[in-house]
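Numbering (my numbering), first residue to last: 133 to 599.
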């Protein structure tokens, strides 16, 4: 064989290899494009678990792409993979130094605050607060405002932890709590009512168990069998999120919700009456309580100036932003008056949720992510004075934690308080702090529920100690 023929053959082999490699690279690039499309579709559907999985596969192929890294960090944070999100934001910050992705500073602060690392969180919030206006970042002015609130909140959180307002909370055992979420608890006539995702027999379009409302009797200080309310209350193919009773126990109101996407729901309020000791099928409340296309949820009855009033959370027009606390007076003919916003002191640009009104004390308890707290949702108290709600005060530690603390409720006797939280110690299935459990603590039935922290007096007291 001639040298020319050998060289020609080798060239043909090389060309064949290059052709195969070209096909592989082309297929790989096409596969990457498909993964990015699927990731973006998951983000559009707010399916953070799915988005994180797609971004993980892309990241394993090319960990140098900073845009991908930031998207992966965002999906991981929203998917409650806090440690992974923190590592990814750290990488983004090391490369970008806040130029294209200044919100990395802000989210680092939030992640550290959720973990209770307040000193470190404050450093990141402070760094972000010094950022110059970025027109390319959506809602940048809001984040600047919120970062300044968080700087003060980090200082306050450390003071609150040093000044607990109650003993540690009782974590209800596994006869009530499961590895999925239990929430919206309240005690009525020696029975605990709550909502849960524990029934996995039917799932919605996003493969989420349908919420149901449950009940458990308390006998001899022991929880009895947990049973779901009947189908007059728990619709089969809707999420039945929470419930409340009228002061005379003749009417029940429940939230029924449909999934808007993988993370969000649109809820409406339904009411049913007690007839011959049996609850009748609930029916949708008309306007002005429910509005088409508006989220209306988390009902709670109370009394203001001798008049029955229904509190709820809603994102209807006319609010301060996100979900707000609203209330509507019940008319003599049992219809509802035009809903009233609880006001700018209570409601904020963020979400205010899970209202509970203690009529005897004129105290509104609710949860918020905006007002100064220990992290995520904190529980706050506002008093109804001269026709308006006063500036909210944090109810303190350990009622609040650095995680979500929601659905504060007081029993009829005024000696027990319940709440839901995904704090450390809650039961979980696959992911730490993924799910809410029910907690409770005792209070003096003669006195008010735990006195909220007077932040000004607390700071003054600390200053005296330092002088």
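In this text, a Cβ means the ideal position worked out from N, Cα and C, and glycines have one as well.
Quick one, are the C-beta atoms of residue i and residue j less than 8 angstroms apart?
i           : j           : result
residue 184 : residue 204 : yes
residue 509 : residue 536 : yes
residue 248 : residue 534 : yes
residue 427 : residue 447 : yes
residue 193 : residue 164 : yes
residue 245 : residue 286 : yes
residue 443 : residue 454 : no
residue 440 : residue 514 : no
residue 471 : residue 458 : yes
residue 338 : residue 414 : no
residue 539 : residue 486 : yes
residue 422 : residue 400 : yes
residue 601 : residue 302 : The structure shown does not extend to residue 601, since the chain is modelled only from 133 to 599, so the question has no answer here.
residue 317 : residue 531 : no
residue 243 : residue 217 : yes
residue 292 : residue 495 : no
Strictly by DSSP, which residues pair up with residue i?
i           : result
residue 368 : Answer by DSSP bridge pairing: none, since residue 368 is not bridged.
residue 513 : 497 and 525
residue 574 : 548
residue 384 : 377 and 404
residue 198 : None, per the DSSP bridge assignment.
residue 341 : 335
residue 303 : 571
residue 355 : 350
Which same chain residues, not among the five before or five after residue i, have their C-beta less than 6 angstroms away from its C-beta?
i           : result
residue 334 : 342
residue 273 : none
residue 336 : 391
residue 555 : 533 and 535
residue 310 : 330
residue 389 : 371, 373, 397 and 399
residue 488 : 432, 497, 540 and 541
Alpha carbon to alpha carbon, how far is residue j from residue i? Give it in angstroms, no decimals.
i           : j           : result
residue 275 : residue 445 : 23 angstroms
residue 432 : residue 456 : 14 angstroms
residue 210 : residue 417 : 33 angstroms
residue 567 : residue 553 : 8 angstroms
residue 289 : residue 503 : 12 angstroms
residue 355 : residue 323 : 9 angstroms
residue 451 : residue 484 : 11 angstroms
residue 511 : residue 278 : 18 angstroms
residue 375 : residue 174 : 32 angstroms
residue 420 : residue 344 : 26 angstroms
residue 381 : residue 406 : 8 angstroms
residue 171 : residue 179 : 9 angstroms
residue 155 : residue 169 : At residue 155, the pLDDT of 45 sits below 50, so the modelled position is not reliable; the number obtained from the coordinates is stated separately. Roughly 21 angstroms between the two C-alpha positions.
residue 135 : residue 223 : Interpretation of residue 135 is limited by its pLDDT of 43, a score under 50 that renders its predicted location unreliable; no figure is taken from the coordinates.
residue 528 : residue 506 : 9 angstroms
CB-CB under 8 angstroms to residue i, same chain, minus the five flanking residues each way: which ones, in chain order?
i           : result
residue 189 : 167
residue 577 : 545, 546 and 547
residue 331 : 341, 342, 344 and 360
residue 412 : 364, 404, 405 and 406
Below 7 angstroms CB to CB, which residues in the same chain sit around residue i once its five sequence neighbours on both sides are set aside?
i           : result
residue 157 : Unreliable placement is indicated for residue 157, whose pLDDT of 49 sits below 50; the coordinate value is still reported in the next sentence. Counting only Cβ-Cβ distances below 7 angstroms, and skipping sequence neighbours, we find nothing.
residue 153 : Caution is warranted here: a pLDDT of 46 is assigned to residue 153, below 50, making its placement in the model unreliable, and no coordinate value can be reported.
residue 234 : 260, 263, 266 and 269
residue 187 : 171, 200, 203, 204 and 207
The ligand MN heavy atoms versus the CB of residue i: any closer than 7 angstroms?
i           : result
residue 238 : The ligand MN is absent from the structure shown, which contains no ligand whatsoever.
Do the region 358-378 and the region 326-333 touch if we need at least three Cβ pairs shorter than 8 angstroms? yes
Any 3 or more C-beta pairs closer than 8 angstroms across the region 260-279 and the region 294-307: no
The region 543-558 touching the region 519-526, judged by at least three CB pairs closer than 8 angstroms: no
For the pair the region 231-250 and the region 279-288, tell me if three or more CB-CB distances fall below 8 angstroms. yes
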